[in-house]
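Take a look at the structure set out below.
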Amino acid sequence: MEGASKEVRIFVTTTGCMDIITEEHFRTIKDDSIVCNIVHFDCEIDVKWLQANAVDKVNIKLQIRF
Numbered sequence: 046m047e048g049a050s051k052e053v054r055i056f057v058t059t060t061g062c063m064d065i066i067t068e069e070h071f072r073t074i075k076d077d078s079i080v081c082n083i084v085h086f087d088c089e090i091d092v093k094w095l096q097a098n099a100v101d102k103v104n105i106k107l108q109i110r111f
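Quick note on our numbering: the sequence shown kicks off at 46 and runs consecutively.
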């Protein structure tokens, strides 16, 4: 993930594992990247850090943010 976070712009987590995308990764992800979590829980992505540091959030529909 460390190398990928600097290169790609679309991130989709589907593992169900914890801490797949963390603050460390968010700091290297390009500004116009898309981050998606397909699993039912938010443990894969550091949502707390993202909410505190995101420049912009757009709600597409209930429980979906863009």
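Where is the CB? At the ideal position from N, CA and C, for every residue including glycine.
In the DSSP assignment, what residue or residues form a beta bridge with residue i?
| i | result |
| --- | --- |
| Cys81 | Val57 |
| Ile90 | Ile66 |
Can you look up residue i in the DSSP assignment and give me helix, strand or coil?
| i | result |
| --- | --- |
| Lys106 | strand |
| Glu47 | coil |
| Ala97 | helix |
Using the rule of at least 16 other Cβ atoms within 10 Å of the residue's Cβ for burial, across every protein chain shown, is residue i buried or exposed?
| i | result |
| --- | --- |
| His70 | buried |
| Glu89 | buried |
| Phe86 | exposed |
| Asp76 | exposed |
| Asp101 | exposed |
| Val80 | buried |
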